[in-house]
Structure formats: structure tokens, C-alpha cells
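The numbering used here numbers the first residue of the sequence shown as 9 and each following residue consecutively.
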Amino acid sequence: MIRKEWRIPWELNERIEEIHELMNTLHIHIKHIFREANQLADFITNTTIDQEEKQQFLNFNQLPSRAKKILNMDKQ
């Protein structure tokens, strides 16, 4: 709906138009990326969503071992 690929239910039309205007004003572009194409982000999201405290990884060594493996496999 946001990307104008589907018809918008009339009840949402006004809100969606507001979103489009904001996106144009702020130069926001939406692009879908399949989860399979971004395994590292998917893994980190799933790992951290179950935890109550915020996690921040500032470098490779701070990543969980599974995340390191995914990243290294992606380089090949």
C-alpha cells in the first residue's frame, strides 16, 4: 500500500496519502529485501528481540558466534 503496488482500502486512503507526502518531503524510499538475502540482520533481529535489554555490537568481535559465521559465509 505504501509503495502504491496495491489498491488502498478507502478507509485508509487519507492516512496513506499523508505517509506518501511525508516520504516525498523527507526523501524516504522503501525497498523490500527478502529475509534470505539478509541473513545477518535477520539473525541479529531474532536474537535480540527475545531479550529485554538493549544490545549493541560495535565490531565483529562483539557479534555472537553464529552471526560471525553468517557474515563470513556471505563474503565467499
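Beta carbons: idealized from backbone N, C-alpha and C, even for Gly.
Can residue i and residue j be called in contact, C-beta distance under 8 Å?
| i | j | result |
| --- | --- | --- |
| isoleucine 78 | glutamine 59 | no |
| threonine 56 | glutamine 63 | yes |
Rounded to the nearest angstrom, what separates residue i and residue j at their Cα positions?
| i | j | result |
| --- | --- | --- |
| leucine 66 | alanine 49 | 14 Å |
| alanine 75 | isoleucine 27 | 34 Å |
| asparagine 33 | isoleucine 24 | According to the sequence displayed, residue 33 carries threonine and not asparagine. About 14 Å. |
| threonine 30 | phenylalanine 51 | According to the sequence displayed, residue 30 carries leucine and not threonine. Their Cα atoms are separated by approximately 31 Å. |
task: Answer yes if the region 30-39 comes into contact with the region 70-80, meaning at least three C-beta pairs across the two stretches below 8 Å, and no otherwise.
output: At 8 Å Cβ cutoff, the stretches do not touch.
message: Ignoring anything shorter than 4 residues, give me the alpha helix (DSSP H) runs that lie fully in the region 29-65, in order along the chain.
response: 47-57
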